[in-house]
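**Q** Below you will find the structure I want to go over with you.
2 protein chains.
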Amino acid sequence: MSSSTSESGTRGRTRRAILAAAASTLARDRKATLADIAEAAQVGRSTLHRYFADRSELMEAAIVDSFRAVEDSVREAAIDQGPALEAMRRLLAAMVDVGDRLAFLFGDPRVLEEFTDSFVPDMSVPTTIDLIKRGQEEGVFDRASTPEWIQTVIWSLTYSGWEAAEKGELPRHGVTATVIRTFENGMVT
Amino acid sequence: MSSSTSESGTRGRTRRAILAAAASTLARDRKATLADIAEAAQVGRSTLHRYFADRSELMEAAIVDSFRAVEDSVREAAIDQGPALEAMRRLLAAMVDVGDRLAFLFGDPRVLEEFTDSFVPDMSVPTTIDLIKRGQEEGVFDRASTPEWIQTVIWSLTYSGWEAAEKGELPRHGVTATVIRTFENGMVT
DNA sequence: TCAGAATGGGACTTCAATGTCTCAAAGTCA
DNA sequence: TGACTTTGAGACATTGAAGTCCCATTCTGA
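Protein sequence lines, in the order shown, are assigned to chains G and Z.
No gaps in the numbering here: position 69 of the first sequence is 69 in our numbering, and each next residue is one more.
No gaps in the numbering here: position 41 of the second sequence is 1041 in our numbering, and each next residue is one more.
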């Protein structure tokens, strides 16, 4: 595995630190400069340039990296197993866990548009859309909504929950439960 | 009324065109340059500078302008009248109507943070929070959620609905109904 | 320990966005 | 029509981020 990158342990660590810093810094401030990102990664600006020649190269790598992180988290949720409702709860929990990555990826629609071709989804991971359709067939998810809208709601609530925790408006440990409750039942009792 | 601004009809029109273009352009692309905004307003870049000396002056004016537009729309919804559930439906419809303004104001958290002091809310307009609390007292809105979280969900669903329509994923005429349904009942039947 | 790898910081260039200014052309209104 | 207003286009200076390069210092692993 690690041999495929042909990188020393040090380089790998530095690289990952920069990518993680890029995602979380840009999630919080989309106008962040490379200097900001380097500082967040506790790395010199010239070191950052050593790993990523220019801004777009960093962006692309950060997007791919974040996608993989989200994919890994979703894979662990095993959303093709068990009842759709329970699978959805695991999915929502998994997404809240990688909230900063999602905020980076989907916070600014344009970020993603410019780099769509730079990422090939892992087809072995069951998609959210599959789960939604399964749930609709099982009769537990609203059939009046399109799967795309439901997916949008999932992202949107997850992002809101992450952001609320970020601002201190919601306790970290309560985010997942709140998001799940809102997703399932809405706001009218 | 118009005399209070001491501006000719032409100047007023140009000013409003620039402010509207700023809000909608920045809502769609947060990195838009002043040249982009001028172009969207069908105005020369030097004309834009004639009205707004620098970027932050334009931002501030655009924020105030958008707030007023949202405030006007919310005022029309008369959310202190009638049952909370119906008032909320009117509020959601009103917010979808000014979706581009909301996307501009709340799309990038930092936009607002930098200019909080530039806007004094009109206290005569009942706030969303008031309506939420009233609804909770009436027993129609989820009491397990804080008013702040419910407000976040309102913004978030409204924004998602606007964005989906923007991308063509939802038909314009169906956005309001979809947002209301999702807000009230969530996704589990 | 010691050679090679990796880093930080600074000097420097490039570039795009911003902001200022002028002037001729077009528009407005009495 | 004619005075006055508003505008667009472009020249120009300024600024901050991006990107390149170098060198002394620190770190790592055999």
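Ideal placement from N, C-alpha and C gives every residue a C-beta, glycine not left out.
Here the structure is a predicted model, which is why all the values come from computation and not from measurement.
Roughly how many angstroms lie between the CA atoms of Thr1176(Z) and Trp1155(Z), to the nearest whole one?
**A** If you take the alpha carbons of Thr1176(Z) and Trp1155(Z), they lie about 13 Å apart.
**Q** What does Phe1183(Z) touch in chain G if you count any residue whose Cβ is under 7 Å from its own?
**A** Gly186, Met187, listed in chain order.
**Q** Look at the Cβ atom of Ala1077(Z), then the Cβ atom of Arg1068(Z), and state whether they are nearer than 8 Å.
**A** Not closer than 8 Å, so no.
**Q** Find the residues of chain G that neighbour Arg1172(Z), judging by a C-beta separation of less than 9 Å, and give them in chain order.
**A** None at all; the shortest Cβ gap to chain G is about 14 Å.
**Q** Roughly how many angstroms lie between the CA atoms of Ala14(G) and Arg1110(Z), to the nearest whole one?
**A** According to the sequence as given, residue 14(G) is Thr; it is not Ala. Each residue's alpha carbon lies about 29 Å from the other.
**Q** Below 8 Å on C-beta distance, what does Leu1157(Z) contact in chain G?
**A** In chain order: Val153, Ser156.
**Q** In the DSSP assignment, find the alpha helix (DSSP H) that holds Ser1124(Z) and state where it starts and stops.
**A** Note, Ser1124(Z): premise wrong, no alpha helix (DSSP H); not H, not E.
**Q** Can you list, in chain order, the stretches of the beta strand (DSSP E) that have 3 or more residues and sit fully within the region 63-91 of chain G?
**A** DSSP runs (the beta strand (DSSP E)) wholly in the region 63-91 of chain G: none.
**Q** Give a yes or no on whether 8 Å exceeds the smallest Cβ distance from Val1140(Z) to chain G.
**A** It does: the Cβ of Val1140(Z) has a partner Cβ on chain G nearer than 8 Å.
**Q** In whole angstroms, what is the alpha-carbon distance linking Thr1116(Z) and Ser1056(Z)?
**A** Straight-line Cα distance between these residues: approximately 13 Å.
**Q** In three-state DSSP terms, what is Phe1141(Z)?
**A** The answer is strand: DSSP assigns Phe1141(Z) an E or B state.
**Q** Roughly how many angstroms lie between the CA atoms of Met1(G) and Arg101(G), to the nearest whole one?
**A** With a pLDDT of only 38 at Met1(G), under the threshold of 50, the placement of this residue in the model should not be trusted; the figure read from the coordinates follows. Approximately 23 Å between the Cα atoms of the pair.
**Q** Which residues in the same chain have their Cβ closer than 7 Å to the Cβ of Gln151(G), if we skip the five residues on either side of it in sequence?
**A** So the list reads Thr128, Ile129, Ile132, once near-sequence residues are dropped.
**Q** Strictly under 8 Å for the Cβ-Cβ distance: is Ala144(G) near chain Z by that measure?
**A** Answer yes: the Cβ-Cβ gap between Ala144(G) and chain Z drops below 8 Å somewhere.
**Q** In the structure shown, what three-state DSSP assignment does Val1096(Z) receive?
**A** Of the three classes helix, strand and coil, the one that applies to Val1096(Z) here is helix, per DSSP.
**Q** Roughly how many whole angstroms lie between the Cα atoms of Ala1027(Z) and Gly44(G)?
**A** One C-alpha to the other measures close to 34 Å.
**Q** To the nearest angstrom, how far is the alpha carbon of Pro1171(Z) from that of Ala41(G)?
**A** Taking the straight line joining both Cα atoms gives about 43 Å.
**Q** Kindly list, in the order they appear in chain G, the residues whose Cβ is closer than 8 Å to that of Ile1150(Z).
**A** The contacting residues are Met187.
**Q** What does Ser1160(Z) reach in chain G if we use C-beta pairs closer than 7 Å?
**A** The contacting residues are Thr152, Val153, Ser156.
**Q** Please report the distance separating the alpha-carbon of Leu112(G) from that of Met1123(Z).
**A** Straight-line Cα distance between these residues: approximately 40 Å.
**Q** If the cut is a Cβ gap below 8 Å, which residues of chain Z does Thr208(G) touch?
**A** Given that chain G is displayed from residue 1 to residue 189, the structure contains no residue 208(G) and the question cannot be resolved.
**Q** Using 10 angstroms around the beta-carbon of Glu1114(Z), count the other beta-carbons present and answer buried if the total reaches 16, otherwise exposed.
**A** That one is exposed.
**Q** Report yes or no: do three or more beta-carbon pairs, one from the region 1017-1026 of chain Z and one from the region 1072-1086 of chain Z, lie closer than 8 Å?
**A** No contact exists between the region 1017-1026 of chain Z and the region 1072-1086 of chain Z.
**Q** Quick one: grab the DSSP three-state call for Val1043(Z).
**A** DSSP places Val1043(Z) in coil when its eight states are reduced to three.
**Q** Drop a sphere of 10 angstroms on the beta-carbon of Ser46(G), count the other beta-carbons inside from all chains shown, and report buried for 16 or more, exposed for fewer.
**A** That one is exposed.
**Q** For Asp130(G), which residues in chain Z fall below 9 Å Cβ to Cβ?
**A** Result: empty, since nearest Cβ-Cβ is about 16 Å, beyond 9 Å.
**Q** What number of angstroms, rounded off, separates the C-alpha of Ala165(G) from the C-alpha of Gly1168(Z)?
**A** Straight-line Cα distance between these residues: approximately 31 Å.
**Q** Interface residues of chain G around Ala1164(Z) at Cβ under 8 Å?
**A** Ordered by position in chain G, the residues that pass the 8 Å Cβ test against Ala1164(Z) are Glu148, Trp149, Thr152.
**Q** Alpha helix (DSSP H) containing Thr1182(Z): first to last residue?
**A** 1175-1185 is the span of the alpha helix (DSSP H), which, as asked, contains Thr1182(Z).
**Q** Could you tell me whether the Cβ atoms of Leu1157(Z) and Thr1189(Z) are closer together than 8 Å?
**A** The answer is no: Cβ separation not under 8 Å.
**Q** Buried or exposed, going by whether 16 or more other CB atoms sit within 10 Å of the CB of Asp1200(Z)?
**A** The structure shown has nothing for residue 1200(Z), since chain Z only spans 1001 to 1189.
**Q** Candidates Asp36(G), Trp149(G), Val64(G): which alpha carbon is nearest Pro121(G)'s?
**A** If we check each option's Cα against that of Pro121(G), Val64(G) comes out closest.
**Q** Distance check for Val1096(Z) and Leu1058(Z), CA to CA, integer angstroms please.
**A** Near 24 Å, if we compare the C-alpha coordinates of Val1096(Z) and Leu1058(Z).
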